[in-house]
Amino acid sequence: MAKKPYIIVTASPKGGVGKTVVSINVATALRTSGYDVLLIDTDVANPSVGLLLGSGIEGPGYQEVLLGKANLKDVLILYPLSGFYYLNAGGDGNEIAATTEQVSKFYAEISKTDFDFIIVDTPPGAKIEPAMKLFNEALIVTTPEETAVKGAQRLSSFYLKYHLLHKLVINRVKEAKFDMTEEMIEKLYGDVAYALVPEEKTVAESESRHMPAYLINRTSLFSISIDDLCRSYLLMIGAQVDQPSQKGGWGIKRFFTKK
Ligand SMILES: Nc1ncnc2c1ncn2[C@@H]1O[C@H](COP(=O)(O)OP(=O)(O)O)[C@@H](O)[C@H]1O
Ligand SMILES: [Mg+2]
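Quick note on this note's numbering: the sequence shown kicks off at -18 and runs consecutively.
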């Protein structure tokens, strides 16, 4: 029987919280562990994956495949430094609303590919209802700000309605004076946060070098937290995983909360 890709959708109601940064680095880490990975940029209005990886955002991509104007295999791009594939958003910045049938067909098609993992990076507020049954889990990204966390909580309720497994990641944690604490975030969100990803200076460097921060420094706290997150995905597909790292293990969370 052909294997099925494990499909993870990255989402948040609020923009600028780090969905794309987390998606790119998760894709890189899973590829580094030896898996075949496809990253899809579905943010047609504000595409960024191709910019961050150096290919640019011109040309056909997700939008064209969605509308039946291009074949998926013809528009996949290889990120040579890592070896994962990605699909630019396409559409030349002009988002054309697709029908429910087109969206369902697109996700049904990608779920028949040979990738081990597919990461779907979404624009703020995207819910993609027609694909709920085809997603294996969702990754909700928030920053330690009330507006972002409240949105995350609403999105969690939405996923609960669809019985879609979802994990909360708090990104850009810097323990600044006015940031919400982990406890405050979990209380407002209504569940535990799965991982804390720190504010990381190599993220800015990675943008100018067109290289994921994970590849710039594999041992930064940022990369360790991405590894932690990826271990949970590897477990979901039944892979053997290393012991959690000493520095925090499952517990980049613990590293922060202990302080
Ligand atoms: N952990 C982080 N450390 C430092 N900067 C970050 C981090 N995560 C995201 N950023 C920065 O925040 C901005 C928004 O990130 P992005 O991934 O584009 O958000 P989204 O996809 O949710 O709109 C970008 O400038 C990015 O470089
Ligand atoms: Mg984005």
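Don't be surprised by glycine CBs; every beta carbon is placed ideally from N, CA and C. As the structure is a prediction and not an experimental result, all values here were calculated from the model.
Taking only the alpha-carbon atoms, compute the straight-line gap between T200 and I207 and give it to the nearest angstrom. 11 angstroms
#### Entry: Distance CB(I21)-CB(L59) smaller than 9 angstroms
no
Next on the checklist: At 4 residues or longer, what runs of the alpha helix (DSSP H) sit wholly inside the segment 106 to 170?
Outcome noted: 127 to 142, 163 to 170
Would the beta-carbon of I151 fall within 9 angstroms of that of A176? yes
Going by DSSP in three states, D95 sits in which element: helix, strand or coil? Correct three-state label for D95: coil.
Exercise for review: Please list the segments of the beta strand (DSSP E) lying wholly inside the segment 16 to 76, counting only runs of 3 or more residues, in order along the chain.
Suggested key: The segment 16 to 76 contains, as complete beta strand (DSSP E) runs of 3+ residues, the segments 18 to 22, 58 to 60, 65 to 68 (chain order).
* For L216, the residue or residues it bridges with in DSSP -> Partner(s): none; L216 has no beta bridge.
message = If distances are taken between C-alpha atoms only, which option among Y143, Q134, L145 comes closest to M165?
response = Q134
If you draw a straight line from the alpha carbon of A(-8) to that of L145, how long is it in whole angstroms? Spanning the alpha carbons of A(-8) and L145 requires a straight line of approximately 13 angstroms.
Exercise. Beta-carbon separation of I100 and S4 under 9 angstroms?
Worked result: yes
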